[in-house]
Amino acid sequence: ESPLVGKEIRQGRADTRAFRKEQTAKVLSPVSGVVTSINPRLRTKGGLANDAPFSEGWIMRVHSDTLRDELKELMINTESSDFMDEEVERLYQLIEEVSGPLPADGGYLGNDIYGKIPQLGWERLTNIFLDT
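Laid out in structure tokens, this is it:
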């Protein structure tokens, strides 16, 4: 659920919510600005945000007067890939806490981790990985 068109959002504030069946999660805004459009297709096909985030799955468009300054607060290049590597490792550790040791084959985590391992806990996952 994205903010309405015309609403002001703020970088680092939980202005958007993601849904998974009856579960919701707050999502922090990467930039500040005014919402200029929202993707109506996500209301009926929410999976597009996961399947095609850079084409049909966009969430909203935002006009930002402070984008240049706010980009300095975002991770880019190796900083973002290093961060993602650390987060994946943290997820592996959480999975092992609830499921026991994982095979040491360097396997792929796959999609819908919460759906496959609900004992991880929705609140726990969203608090840790969405920082909300």
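When we follow my numbering, the leftmost residue of the sequence shown carries the number 653, and every step to the right adds one. Built from N, CA and C at the ideal position, the CB exists for glycine as well.
Check: Going by alpha carbons, who is nearest to His715 out of Ile690, Arg742 and Leu726?; Outcome: Ile690
Check: Kindly list the residues whose CB is nearer than 7 Å to the CB of Gly698, restricted to its own chain and excluding five residues on each side of it in sequence; keep chain order.; Outcome: Phe671
Check: In whole angstroms, what separates the C-alpha of Lys678 from that of Pro753?; Outcome: 30 Å
Check: Which whole runs of the beta strand (DSSP E) in the region 700-768 are 3 residues long or more, in chain order?; Outcome: 712-715
Check: Tell me whether the beta-carbon of Val686 lies closer than 9 Å to the beta-carbon of Glu722.; Outcome: no
Check: Report the CB separation of Leu746 from Leu772 in whole angstroms; it is logged as a contact under 8 Å.; Outcome: 6 Å
Check: Whole angstroms are fine: how far does the CA of Ser681 sit from the CA of Arg662?; Outcome: 6 Å
Check: Please identify the residue among Leu694, Glu674, Thr676 and Pro655 whose C-alpha is closest to the C-alpha of Asp667.; Outcome: Pro655
Check: Measure how close the beta-carbons of Val740 and Ile769 come, nearest whole angstrom, since I'm counting them as under 8 Å.; Outcome: About 15 Å; that fails the 8 Å criterion.
Check: Can you grab the Cα-Cα spacing for the pair Ile780 / Leu694, in whole Å?; Outcome: 25 Å
Check: Tell me the rounded alpha-carbon separation between Val788 and Pro755.; Outcome: Past the boundaries of the shown model lies residue 788; the chain is included only from 653 to 784, so the question cannot be answered.
Check: Give the range of the beta strand (DSSP E) segment to which Arg693 is assigned.; Outcome: That residue, Arg693, is in no beta strand (DSSP E); it is neither H nor E in DSSP.
Check: Roughly how many whole angstroms lie between the Cα atoms of Ser707 and Glu748?; Outcome: 34 Å
Check: Would you give the residue range spanned by the beta strand (DSSP E) that Leu680 belongs to?; Outcome: Gln675 to Leu680
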